[in-house]
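> If you're matching positions, the sequence shown starts at 1 in full-length UniProt numbering and goes up one per residue.
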Amino acid sequence: MHVSKRYYRMKKYLSFVIYIVLFTRQAYAVNTNPEAIKTLMATADKLLAMQSINYHYTRETNYYKDNYFSNISADSYMEFDGEKVSRFQLNSETSKQIYNGTVYFALNKKDHTYALTTHVDQKIFSSFSYFNNSIPSFRFMLKYIIQNDSIGKTQHDTTLAGNPYKVVGLTMQNKVIDYLGGYMKFTKQVTIYYDLIIDAATSLPYQIIQRNNIEKADFVRVTYTNINTSPVKPAELTWYYSTYTKDYKPEKKAAIKPIITVGTTLAAWQLPEYKNNDIAMLQSSSLKGKVVFMEFWIKNCGPCMEMFPVLKSLQQKFNNQAVQILTVNAYDSSKDVGFFYYREKPAYKMLYAGEALAKEVGIAFYPQAILLDKSGKVIYAGAFGAGSKAKIEQLIEKIL
């Protein structure tokens with residue numbers, strides 16, 4: 001099942017603060033090409049006239065600085081009630097996600113299980129990967145984009161495989177289009193660019209490319225192919241989870257172990273340390289008599305990326321003291337950990353293959369941290385972020 005980890009993978013300059021639809025015109029205006037408005041209006045009219053649609057969705061994500069790349073795709077069938085999606089089926093190689101207007105369920109094709117949600121808050125769909133920069137998103141948002149004078153709009157023509165297309169460029173300040181309508185606003189100054197590549201003959205979107213002005217090499221490209229605006233409805237029985245119970249069993253959710261409690265002595269452990277392509281095992285016994293700070297992280301995690309400067313700050317503050325700062329990567333490859341080792345050039349130790357240890361101490365999400373006193377007892381366990389940095393520093397200073 002593709003439920004996006006967008007709030008964990010978002011780039012560090014895109015800190016989430018509020019989800020809101022801004023329908024009013026802004027107090028200031030930017031450059032707008034009348035031809036771009038005309039093209040967007042034609043596309044909006046075409047999309048809003050549809051009662052249903054079927055298309056193949058492909059999304060390429062390329063975040064070079066954080067060494068994150070992905071490519072996902074699914075056949076997408078959507079029905080609409082006014083501006084909103086009323087029913088959908090999303091069918092990928094590994095999963096099938098179905099919302100029949102009342103019940104939502106997801107089929108895991110790998111382990112033949114299903115997860116069922118009977119009381120559906122449609123806000124959960126805003127985290128689904130296949131709605132990111134999707135046709136339903138722009139179907140809902142285009143008229144508001146057209147009305148919003150603060151969004152720059154340009155246009156030029158191009159040709160793809162001999163066919164004419166119009167490229168409408170959108171420029172937004174400190175916000176991005178959310179998955180199912182509205183904007184997600186950011187705390188930091190960032191400019192978001194969209195290129196909407198629209199078929200000149202049909203006024204239907206073909207591709208959307210999203211970039212930003214900070215990490216200029218990064219981009220997300222979504223392509224729509226095999227578009228059918230008058231599709232045959234999926235068979236009625238395909239909309240009900242009971243149809244699949246012969247081949248799929250209910251998903252068994254693993255119990256989440258609570259994080260290790262303050263006052264507990266951490267059991268002995270050993271993990272490989274990444275250092276200049278060499279592999280050496282670090283044993284907890286070698287840290288005896290030191291204050292030990294352990295940050296648990298993974299690669300595909302936006303908040304984890306934000307913590308690299310914080311870790312550097314902690315290292316600089318407590319350098320040459322009886323403090324050992326460790327980062328523990330849960331399950332990424334040594335090659336991926338090496339990417340960050342050479343990028344960050346850390347003075348602290350960077351460990352990996354720490355998934356078993358993370359589970360043992362109850363790490364359920366990332367980043368989280370554990371602070372041990374000189375005897376190996378836990379004096380802090382919990383979230384690690386800019387908000388907890390001061391508390392962690394105070395605890396370290398208190399026991400030094």
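Ideal placement from N, C-alpha and C gives every residue a C-beta, glycine not left out. Every value quoted in this text rests on a predicted model; they were computed, and no experiment measured them.
Alpha carbon to alpha carbon, what distance is there between A49 and L22?
Residue numbering aside, residue 22 sits at position 22 when the sequence shown is read from its first letter. Residue numbering aside, residue 49 sits at position 49 when the sequence shown is read from its first letter. The predicted position of L22 is uncertain, since its pLDDT is 41 and thus under 50; a value taken from the coordinates is nonetheless stated next. Taking the straight line joining both Cα atoms gives about 23 Å.
> Any idea which residues DSSP pairs G169 with across the strands?
Taking the first residue of the sequence shown as position 1, residue 169 is located at position 169. DSSP, once it has assigned bridges, lists T154 and D195 as partnering G169.
> Just how far apart, CA to CA, sit S76 and N133?
On the sequence shown, position 76 is the one that residue 76 refers to. On the sequence shown, position 133 is the one that residue 133 refers to. Straight-line Cα distance between these residues: approximately 13 Å.
> Using a Cβ-Cβ cut-off of 6 Å (strictly less than) and excluding sequence neighbours within five positions of residue 403, which residues of its own chain qualify?
Shown here, the chain extends from 1 to 400; a query on residue 403 therefore has no answer.
> If I measure Cβ to Cβ from P164 and keep anything under 6 Å in the same chain, skipping five residues before and after, which residues do I get?
Residue 164 sits at position 164 when you count from the first residue of the sequence shown. Correct list, in chain order: A200.
> From the DSSP output, in three-state form, read off I209 for me.
Here residue 209 is taken as the residue at index 209 of the sequence shown, counted from 1. Looking at I209 - three-state DSSP - the assignment turns out to be strand.
> Below 8 Å, can you find three or more Cβ-Cβ pairs linking the stretch 162-178 to the stretch 46-62?
In short, these stretches do not touch, since the Cβ pair count stays below three.
> Assuming K96 and K109 form a contact by the criterion Cβ under 8 Å, report the distance between their Cβ atoms to the nearest whole angstrom.
Translated into positions along the sequence shown, residue 96 becomes position 96. Translated into positions along the sequence shown, residue 109 becomes position 109. About 7 Å; that satisfies the 8 Å criterion.
> Give the DSSP-derived three-state secondary structure of P231 in the structure shown.
Position 231 of the sequence shown, counting from 1, holds the residue named residue 231. Three-state result, P231: coil.
> Would you list the one or two residues that DSSP bridges to T117?
Numbered from 1 along the sequence shown, position 117 holds the residue referred to as residue 117. T117 pairs with Y104.
> How is G382 classed by DSSP in three states: helix, strand or coil?
As a working note, residue 382 is residue 382 in the sequence shown. G382 falls in the strand class under three-state DSSP.
> Write down every uninterrupted run of the alpha helix (DSSP H) in the UniProt domain "Thioredoxin" (260-400) whose length is 4 residues or greater and which is fully enclosed by it, in chain order.
Those alpha helix (DSSP H) runs which fall completely within the UniProt domain "Thioredoxin" (260-400) and span 4+ residues are 302-317, 334-344, 355-360 and 386-399.
> In the DSSP assignment, the beta strand (DSSP E) including Y55 goes from what residue to what residue?
Looking up residue 55 in the sequence shown gives position 55. Where Y55 is concerned, the enclosing beta strand (DSSP E) stretches over S52 to Y63.
> Taking P250 as the reference, give the member of H112, Y99 and Q155 with the closest Cα.
Taking the sequence shown and counting its residues from 1, one reaches residue 250 at position 250. Considering only alpha carbons, the answer is H112.
> If you draw a straight line from the alpha carbon of G94 to that of N300, how long is it in whole angstroms?
If you number the sequence shown from 1, residue 94 lands on position 94. If you number the sequence shown from 1, residue 300 lands on position 300. Inspection of the sequence shows that residue 94 is occupied by Thr rather than by Gly. So the two alpha carbons sit approximately 20 Å from each other.
> Pull up the distance between the alpha-carbon of V310 and that of T202, whole angstroms please.
Numbered from its first residue, the sequence shown carries residue 310 at position 310. Numbered from its first residue, the sequence shown carries residue 202 at position 202. Spanning the two alpha carbons is a distance of roughly 50 Å.
> Express the C-alpha separation of V291 and G263 in angstroms, rounding to a whole number.
Here residue 263 corresponds to residue number 263 of the sequence shown, with the count starting at 1. Here residue 291 corresponds to residue number 291 of the sequence shown, with the count starting at 1. Distance between the alpha carbons of G263 and V291: 14 Å.
> To the nearest whole angstrom, what separates the beta carbons of Y352 and Y274, a pair I think is in contact under 8 Å?
For the purposes of this step, residue 352 is taken as residue 352 along the sequence shown, with counting starting at 1. For the purposes of this step, residue 274 is taken as residue 274 along the sequence shown, with counting starting at 1. Yes, they are in contact, since the Cβ atoms of Y352 and Y274 sit about 6 Å apart, within 8 Å.
> Determine the closest residue to A268 out of A255, L287 and K391, with distance taken between C-alpha atoms.
Sequence index remark: in the sequence shown, residue 268 carries index 268 (1-based). Of A255, L287 and K391, the residue nearest in Cα terms is L287.
> If you follow the alpha helix (DSSP H) that A44 is part of, which residue opens it and which one closes it?
Within the sequence shown, the letter at position 44 stands for residue 44. Its alpha helix (DSSP H) spans residues P34 to L48.
> Going straight from the alpha carbon of A335 to that of F296, what length do you get?
Along the sequence shown, one-based indexing puts residue 335 at 335. Along the sequence shown, one-based indexing puts residue 296 at 296. A small correction: the amino acid at residue 335 is Lys; Ala does not occupy that position in the sequence shown. Rounded to whole angstroms, K335 to F296 spans 17 Å at the Cα level.
> With three or more C-beta pairs closer than 8 Å as the rule, is the stretch 355-373 touching the stretch 335-347?
As far as the Cβ criterion goes, the stretch 335-347 does not touch the stretch 355-373, which means the pair count is below three.
> Can you list, in chain order, the residues of its chain with a C-beta nearer than 6 Å to that of V167? Leave out the 5 residues immediately preceding and following it.
As a position in the sequence shown, residue 167 is number 167, starting the count at 1. H156, T158, D195 and I197, listed in sequence order.
> Can you give the beta carbon distance from Q316 to L400, rounded, assuming they're within the 8 Å contact cut?
Start at 1 with the first residue of the sequence shown, and residue 316 comes out as number 316. Start at 1 with the first residue of the sequence shown, and residue 400 comes out as number 400. 15 Å between Cβ atoms; not a contact.
> So Y179 packs on S126, CB below 8 Å; how close in whole Å?
In the sequence shown, residue 179 corresponds to position 179, counting from 1. In the sequence shown, residue 126 corresponds to position 126, counting from 1. Yes, they are in contact, since the Cβ atoms of Y179 and S126 sit about 5 Å apart, within 8 Å.
> Only counting the same chain, and skipping five residues up and downstream in sequence, which positions put a Cβ closer than 6 Å to that of G385?
Against the sequence shown, residue 385 aligns to sequence position 385. Around G385: no qualifying Cβ.
> Using DSSP with H/G/I as helix, E/B as strand and the rest coil, what is T202?
Translated into positions along the sequence shown, residue 202 becomes position 202. In the structure shown, T202 sits in coil (DSSP, three-state: anything other than H, G, I, E or B).
> Rounded to whole angstroms, what's the CA-CA distance from A42 to V190? Just pull it up for me.
For the purposes of this step, residue 42 is identified with residue 42 of the sequence shown, where counting begins at 1. For the purposes of this step, residue 190 is identified with residue 190 of the sequence shown, where counting begins at 1. Roughly 29 Å separates the two Cα atoms.
> Using CA coordinates, which residue listed in Y63, A369 and A44 is at the minimum distance from I214?
For this step, residue 214 is matched to residue 214 along the sequence shown. Ranking the options by Cα distance to I214, first place goes to Y63.
> Classify Q283: buried if its beta carbon has 16 or more other beta carbons within 10 angstroms, exposed otherwise.
Reading the sequence shown from its first residue, position 283 is the one you call residue 283. Classification of Q283: exposed, given that the 10 Å Cβ count is below 16.
> Give a yes or no on whether the C-beta atoms belonging to S73 and T58 are separated by under 8 Å.
On the sequence shown, residue 73 is found 73 positions in, with the first residue counted as 1. On the sequence shown, residue 58 is found 58 positions in, with the first residue counted as 1. Yes. Within cutoff.
> Name the residue from Y244, I227, D149 and T245 whose alpha carbon lies nearest to the alpha carbon of N33.
Numbered from 1 along the sequence shown, position 33 holds the residue referred to as residue 33. When only C-alpha atoms are compared, the closest one is D149.
> Return yes when the Cβ of V378 is within less than 8 Å of the Cβ of I256, no when it is not.
Position 256 of the sequence shown, counting from 1, holds the residue named residue 256. Position 378 of the sequence shown, counting from 1, holds the residue named residue 378. Not closer than 8 Å, so no.
> What distance in whole Å lies between the Cβ atoms of M294 and A369, which are believed to be in contact at a cut-off of 8 Å?
For the purposes of this step, residue 369 is taken as the residue at position 369 of the sequence shown. For the purposes of this step, residue 294 is taken as the residue at position 294 of the sequence shown. About 6 Å; that satisfies the 8 Å criterion.
> Within this structure, are the beta carbons of Y348 and L326 separated by less than 8 Å?
Counted from its first residue, the sequence shown places residue 348 at position 348. Counted from its first residue, the sequence shown places residue 326 at position 326. Yes; because the gap between Cβ atoms is below 8 Å, this pair is in contact.
> Between the beta-carbon of G302 and the beta-carbon of A330, is there less than 8 Å?
Within the sequence shown, numbered from 1, the residue matching residue 302 stands at position 302. Within the sequence shown, numbered from 1, the residue matching residue 330 stands at position 330. No.
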